[in-house]
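Heads up, the thing below is written out as structure tokens.
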DNA sequence: CATTACTTTGCATACGTATGCAAAGTGATG
DNA sequence: CATCACTTTGCATACGTATGCAAAGTAATG
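Residue numbers (the working numbering), protein chains in the order written: chain A, 229 to 565; chain B, 229 to 565.
Have a look at this one:
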């Protein structure tokens with residue numbers, strides 16, 4: 229059996245006070261005299277006492293836990309995201325109950341776990357949830373925030389990069405460089421990230437009268453590699469390839485290299501995310517930097533506001549980011565001259 | 229305020245039974261008649277009742293939570309590890325309280341969290357803990373397992389790849405190919421992984437009368453890149469470089485390429501981990517595959533055994549893994565002939 | 001019907017903490 | 001010393017569940 233942990237009662241006895249007093253010593257903002265506080269603290273540290281978070285959560289109806297669900301994926305971008313969430317939440321006093329989800333949608337099982345442990349909020353990263361799951365959470369008054377995904381059908385908050393606008397600007401950048409044959413390698417087709425990036429990219433170019441070739445990449449290196457081979461073996465080889473994310477773009481980059489094409493002269497490549505690998509000299513990938521810090525900060529703030537019932541407008545929040553120019557695209561014209 | 233969640237009492241009233249009966253319905257192995265079970269289940273699902281894991285954990289002294297601490301790091305290997313742990317633990321009915329640690333050692337704050345939430349065990353990945361932290365956990369009877377790290381001073385279990393033997397075999401492989409000028413790029417010098425790999429590598433070669441050049445890489449791509457440049461600009465350029473992990477090896481690979489050296493003719497590179505990126509055609513890195521699935525499985529089993537007080541011998545557990553040969557090393561002689 | 005053996009249920013209590021309320025303590029003022 | 005205002009403390013109870021114990025129910029047997 230597990231050894232029973234020391235409780236407030238034992239500390240109380242040792243310090244010659246009541247259990248209530250011990251509790252008050254560990255509750256910030258309570259009225260305890262300096263003298264007894266010291267006495268209690270001494271007894272507590274002597275016994276190695278720590279307040280039991282479960283009992284505290286039970287009575288205060290506040291667990292200080294947040295559920296974090298993340299889709300398992302090859303993309304190191306989300307590893308970084310996870311790190312920042314964990315740190316950011318802890319700074320606000322929250323702990324993370326973590327779950328990997330293997331499917332595109334969060335499953336019932338994962339939500340059940342969150343409900344049973346009374347998490348105060350849920351963050352869903354790189355995945356969606358079915359509407360009945362959202363309903364369940366809302367019935368229990370547990371706010372949900374989608375990170376880097378959104379859905380018009382679901383009435384929950386979301387924070388993402390303004391993928392549409394970013395892709396639009398990438399298209400503009402490539403077009404201004406003189407590219408007229410352009411291709412887009414998709415991510416997983418049912419993700420809002422991939423869809424928005426495609427729409428932004430195509431909308432800009434369509435307005436300029438340029439048609440975009442689309443190939444499916446599925447957000448994997450292997451998929452993107454094959455897709456790029458298809459593209460680059462065409463009669464009219466594209467001059468520029470925009471990959472739905474950096475992993476996709478790296479697949480395209482390597483595919484081009486495998487065909488002895490030189491970058492950026494023969495073909496130009498742009499990615500999305502600005503993962504660390506993009507900066508590696510061998511890749512030197514031009515890409516769109518998502519402002520992860522800001523996105524995480526906004527997500528956490530929004531979540532905490534909702535937890536505290538400061539109702540926020542349920543509109544999807546968008547942040548912009550910026551283009552990081554590297555060697556996988558040509559130097560801009562002004563510099564060239 | 230958060231809406232109060234439905235509790236067993238309300239279900240009991242609706243189903244015309246006592247709260248105890250409701251509890252028994254949700255406790256596997258309890259004696260309840262089929263008829264009342266149905267009645268209760270109906271009422272429960274009508275009200276959307278779920279047992280409160282906190283209250284349950286409080287009274288049963290069993291939270292079904294495991295603390296997982298991981299060092300933040302560039303290495304995608306640990307992202308994979310995290311995924312496998314989460315899945316594996318859930319299969320055993322455990323939930324994950326997750327923490328990132330920014331330092332080489334787990335900090336007091338992280339442990340406090342684990343203690344307060346009464347986790348039943350702690351898994352520490354890619355980091356160590358100070359001995360007084362181990363003491364704290366042991367006093368509370370919470371088992372700890374180090375994953376891919378060990379320490380002779382700390383009396384806790386550990387599971388890792390047999391880094392010494394693996395590095396020894398890598399050295400053998402390179403030596404048999406005829407390499408006589410060899411270099412090792414280290415990881416973070418105070419990690420047992422990097423130390424063991426260095427020792428295994430050097431011990432083998434020393435026995436053969438070959439000296440190894442050591443450069444510091446710090447487990448980062450950038451560090452390894454610089455280290456490799458130092459190595460490759462020497463008068464006597466090494467024929468083979470062994471990187472402390474795959475990220476290190478990839479840094480070396482790219483550094484070699486940047487010097488127009490061809491791989492594996494001019495220089496041969498070997499890594500460690502077999503992350504997905506190693507298989508990418510542009511890298512095609514020979515590397516040591518850690519049997520992650522097995523390592524995770526053993527870790528979880530050992531932990532659960534300890535939780536259930538089936539005392540296991542506290543010896544460090546080692547698993548072997550195997551060499552994955554790719555294009556960054558020469559084909560083996562037999563094939564060459 | 002009485003007895004026995006067994007299953008099913010309810011009562012009461014326990015887990016470790018927080019908090020409203022009242023009692024006790026402290027110090028200042030007249 | 002009496003009064004008042006204020007701080008500090010303890011008592012009792014509540015949070016939602018699990019479980020030992022006894023009571024009630026069921027069925028079988030003589």
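Glycine residues also receive a C-beta, built at the ideal position from the N, C-alpha and C atoms. No experiment lies behind these values; they were computed from the predicted model shown.
- Here residue 493 of chain B is exposed. Its C-beta has fewer than 16 other C-beta atoms within 10 Å.
- Neighbourhood of residue 328 of chain B in chain A, by CB distance below 7 Å: 311, 314, 315, in chain order.
- For residue 285 of chain A, the closest Cβ of chain B is nearer than 7 Å.
- By the neighbour-count definition (other C-beta atoms within 10 Å, threshold 16), residue 435 of chain A is an exposed residue.
- Residue 329 of chain A places its beta carbon less than 7 Å from that of residue 299 of chain A.
- The beta-carbon of residue 510 of chain B is placed less than 7 Å from the nearest beta-carbon of chain A.
- Interface with chain A (7 Å Cβ-Cβ cutoff): residue 278 of chain B is included.
- Judged by beta-carbon spacing, residue 476 of chain A lies beyond the 7 Å limit of residue 498 of chain A, meaning their Cβ atoms are not closer than that value.
- In its chain, beyond the 5 residues on either side, 242 have a beta carbon closer than 8 Å to the beta carbon of residue 274 of chain A.
- When C-beta atoms of the region 461 to 469 of chain B are compared with those of the region 405 to 415 of chain B, three or more pairs fall below 8 Å, so the two segments count as touching.
- With three or more CB-CB distances shorter than 8 Å, the region 369 to 377 of chain A counts as touching the region 334 to 352 of chain A.
- Within the region 460 to 484 of chain A, 478, 479, 481, 482, 483 place their CB atoms closer than 9 Å to a CB of chain B, listed in sequence order.
- Annotation for residue 431 of chain A: the continuous alpha helix (DSSP H) segment containing it runs 420 to 435.
- Not a single CB atom of chain A sits nearer than 7 Å to the CB of residue 513 of chain B.
- The count of Cβ pairs closer than 8 Å, one atom from the region 551 to 560 of chain B and one from the region 394 to 411 of chain B, reaches three, so the stretches are in contact.
- Secondary structure of residue 284 of chain B (DSSP, three-state): helix.
- Scanning chain A for C-beta atoms nearer than 8 Å to the C-beta of residue 346 of chain B yields 233, 280, 281, 282, reported in chain order.
- Along the region 343 to 370 of chain B, the positions whose C-beta sits under 9 Å from a C-beta of chain A are 343, 344, 345, 346, 348, 364, 367, 368, 369, 370, read in chain order.
- Between residue 544 of chain B and residue 378 of chain B, the gap from beta carbon to beta carbon is short of 7 Å.
- Spatial neighbours of residue 268 of chain A in its own chain (CB-CB distance under 6 Å, excluding positions within 5 residues in sequence) are listed in chain order as 243, 250, 253.
- Across the region 441 to 453 of chain A, CB contacts with chain B closer than 8 Å involve 449, 453, in sequence order along the chain.
- Scanning its chain for C-beta atoms nearer than 6 Å, with the 5 sequence neighbours on each side dropped, one finds no residue around residue 283 of chain A.
- Residue-level contact check: residue 304 of chain A touches chain B, since one or more beta carbons of chain B fall below 7 Å from its beta carbon.
- If you check each beta-carbon in the region 517 to 542 of chain A against every beta-carbon of chain B, the ones closer than 9 Å belong to 535, 537.
- Sequence-distant Cβ neighbours of residue 453 of chain B in its own chain, meaning closer than 7 Å and more than five residues away, are 479, 482, 483.
- With its beta carbon at least 7 Å from every one in chain A, residue 239 of chain B lies outside the interface.
- Pairing residue 526 of chain B with residue 387 of chain B gives a Cβ-Cβ distance under 7 Å.
- In the structure shown, the three-state DSSP call for residue 438 of chain A is coil.
- By the Cβ criterion, the region 310 to 327 of chain A is in contact with the region 317 to 325 of chain B, since at least three pairs of Cβ atoms, one from each stretch, lie closer than 8 Å.
- Judged by their CB atoms, residue 389 of chain A and residue 534 of chain A are not nearer to each other than the 7 Å cut-off.
- Residue pairing from DSSP leaves residue 245 of chain B without any beta-bridge partner.
- Residues of the same chain with a CB within less than 6 Å of the CB of residue 279 of chain A, apart from the 5 flanking positions on each side, are 254 in chain order.
- Counting only runs of at least 4 residues, the region 345 to 375 of chain A fully encloses the following alpha helix (DSSP H) elements, listed from N- to C-terminal order: 359 to 367.
- 7 Å or more divides the Cβ of residue 293 of chain B from the Cβ of residue 245 of chain B.
- For residue 503 of chain A, the CB contacts under 7 Å within the same chain, skipping 5 residues up- and downstream, are 304, 305, 474 in chain order.
- Minimum Cα-Cα distance from residue 368 of chain A among the listed residues B/235, B/522, B/258 corresponds to B/235.
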